[in-house]
Each structure stands twice: as C-alpha cells, then as structure tokens.
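Some notes on the structure that comes next.
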Amino acid sequence: MALENPQPRGRYYVEALGRGLALLDCFITDPGPHSLIELSRRVGLGMPTTLRLIRTLEEAGYVRQAADTRRYRLSWKMLQLQDVTASIVDYADLARPHLEELAATVGEATGMAVLDDTEVRHAIRVSSTRIISANIPPGSLFPPHATAMGKVLLAGLEPDVVRELAVRRPFERFTPTTITCVDDLLRELRVVAKQGYASSNQEWEPGLCSLAAPVSTRDGRVVAAVCIVVVRPDLTTQTMERDFLPALRMTAEAISDELGYGPVEYTARPFSSKH
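Below, the structure is given as structure tokens:
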C-alpha cells in the first residue's frame with residue numbers, strides 16, 4: 158500500500174485527494190481497526206500528514222475513531238456508498254418477477270428496499286389485489302427502526318453502527334408500539350439475525366403490518382430486504398408468520414440465487430465483532 162513507486166499521474170491529478178483515497182484503500186484490504194502509526198506505514202506518509210488526512214476523513218464522516226483504543230474504522234456513511242447504488246439500479250428489475258409471484262401467492266403487497274444513509278429506501282413495490290392496501294411508491298424513504306425491512310437491514314450491521322445511526326437520527330415514536338430505545342432495538346435485531354426475518358406490528362402506521370426477509374451476498378452481507386405489507390388491523394404477527402413466511406423466505410432465497418449469491422445468512426459488516 159506504500160506510495161514508494163507511484164504510477165505516473167495525469168495533469169488533473171490532485172495529490173492530497175489521492176493520498177486520502179490511499180488511506181481509504183487501507184480499509185478495503187483490511188477492515189481494521191487501524192492505529193495512526195499503522196496507517197502511516199501502509200501509505201508511506203509521515204505521521205503528521207497521515208493525521209491531517211485521517212482527521213479530514215473523520216470530519217467528512219467516512220471514518221470514525223474509537224474513544225477507547227484510538228483506532229480508526231470505516232463509518233456508517235462509507236458503508237452505504239456501494240450497496241445503495243448497486244442495490245437500487247441492479248436489483249429492482251431482477252427482483253420484480255419474484256415479487257409479483259409472491260404478491261399473487263399471498264394476495265398482499267410486496268416490495269424490496271435498501272439502506273440509504275439513515276433511512277430505508279423503497280426500491281420496488283408490487284401492489285396487491287385488495288381494495289385497501291399500502292401505498293408506498295418506489296423511492297419512498299421510511300424509518301428503519303419502525304419497519305420490518307428496516308430491521309432486517311439493520312440486523313446486518315454491527316451494534317455500534319446501529320448506535321451511530323440512532324445518534325444521527327433519534328428514533329421517532331410513530332405509534333404506541335414503535336421501538337424508540339436503541340438497546341431495545343438491538344435486542345430485537347439479535348433475534349432477527351438469528352431467526353432470519355423481521356416483523357413490524359403497527360410500529361410505523363396504525364393498521365400497517367409487515368414481514369421481511371434478507372437478500373444477501375455470497376459472503377453473508379445483507380444488501381436488501383424483501384417484504385410483505387398488509388393493511389389489516391385484525392391480522393396478527395403470528396398469523397402472518399404462519400401464512401406468509403414460507404413464501405417470503407423462498408422469494409428472498411430465489412432473488413439471492415439469481416444474483417449469484419447463495420444461502421442467505423447474516424454477517425455483520427464490515428467490522429470484526431468485539432461486542
């Protein structure tokens with residue numbers, strides 16, 4: 158990674174930016190965490206220069222420093238750059254036939270979403286045949302802590318990243334069942350990761366219930382969530398799990414398989430767990 162034999166640069170090459178990107182490359186080859194001296198050695202720069210660069214990246218939101226170890230890791234912001242654009246552009250068209258089949262099977266609205274910074278972006282929606290159904294247009298943003306798709310996506314992250322999200326956007330209470338405490342949410346996310354699906358019982362809107370399952374990469378990273386959304390206040394979570402969960406899981410697995418990924422399972426990204 159050291160810059161001992163730099164390649165010829167073009168006339169518009171910005172040296173300072175190049176050095177900053179070289180620091181980010183360190184986290185691509187090894188997620189870390191890394192100390193300042195480690196980063197300095199890897200990029201072949203002096204400690205003062207490396208410190209200025211890493212502090213700039215920290216203030217811009219791309220890396221963060223642990224208060225106890227003083228080591229650096231990629232931040233929430235950096236984690237979103239790859240997955241959001243790839244997921245929305247590449248996954249939606251491929252997923253639509255599977256979501257249409259799921260909607261026909263269960264008779265309810267279906268959809269798929271990805272994380273977009275601190276919110277969940279609805280990438281695709283297939284309507285149900287019911288007169289009353291959820292009207293969530295593609296591209297809509299909604300809170301991750303109050304929806305089944307959001308919980309599935311958050312369960313694929315490290316706990317400290319979820320805490321960072323809660324600091325950046327405090328959990329708003331939408332209904333009496335909304336989870337607003339980060340510790341309570343983390344407990345539920347552990348259950349979600351273990352069982353492989355999430356539910357939301359009128360936590361975002363009264364009468365709106367949802368069930369979601371993950372779409373994952375071959376290395377276990379959760380990159381999207383598929384869901385069934387129901388506007389039926391009389392329908393319990395237990396009934397949804399009994400009637401809809403098998404078909405939902407098959408859909409999530411089919412989308413993952415077609416993307417060339419394989420078994421869907423949770424692996425917290427991209428840090429080594431120390432919790």
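Numbering (my numbering), first residue to last: 158 to 432. Just so it is clear, CB atoms sit at the ideal spot from N, CA and C, and this is done for glycine as well.
Which of the three DSSP states, helix, strand or coil, is assigned to residue i?
i      : result
ASP273 : strand
LEU392 : coil
GLY203 : coil
THR304 : coil
ILE289 : With a pLDDT of 47 at ILE289, under the threshold of 50, the modelled position of this residue cannot be trusted; read the value that follows with caution. Coil.
ASP240 : Summary for ASP240: the model assigns pLDDT 48, below 50, so the residue's position carries little reliability, and this model does not support an answer.
ILE245 : Note that ILE245 scores 49 on pLDDT, short of 50, meaning its location in the model is unreliable; the coordinates nonetheless yield the value given after this. Helix at ILE245.
Determine the extent of the beta strand (DSSP E) in which residue i is found, giving its start and end residues.
i      : result
ARG122 : This structure cannot speak to residue 122, because the chain is shown only from 158 to 432.
ARG168 : Run containing ARG168: none; DSSP gives neither H nor E here.
If you follow the alpha helix (DSSP H) that residue i is in, where does it begin and where does it stop?
i      : result
ALA381 : No alpha helix (DSSP H) contains ALA381, which is instead part of the beta strand (DSSP E) from 379–388.
From the DSSP output, read off the bridge partner residues of residue i.
i      : result
HIS191 : TYR229
LEU268 : The question names Leu, yet the displayed sequence has Gly at residue 268. Partner(s): ARG282, CYS384.
VAL220 : LEU231
PHE299 : VAL277
Counting only beta-carbon atoms, is residue i nearer than 7 angstroms to chain B?
i      : result
ARG347 : The question asks about chain B, but that chain is absent: this structure has only one protein chain.
Quick check: residue i and residue j, are their CB atoms within less than 7 angstroms of each other?
i      : j      : result
VAL309 : ILE385 : no
ALA370 : ALA270 : no
ALA305 : SER373 : no
**Study point:** In chain order, each alpha helix (DSSP H) run of at least 4 residues that lies wholly inside the stretch 306–373
**Key:** Counting whole runs of 4 or more residues, the stretch 306–373 contains the alpha helix (DSSP H) stretches 316–325, 339–352.
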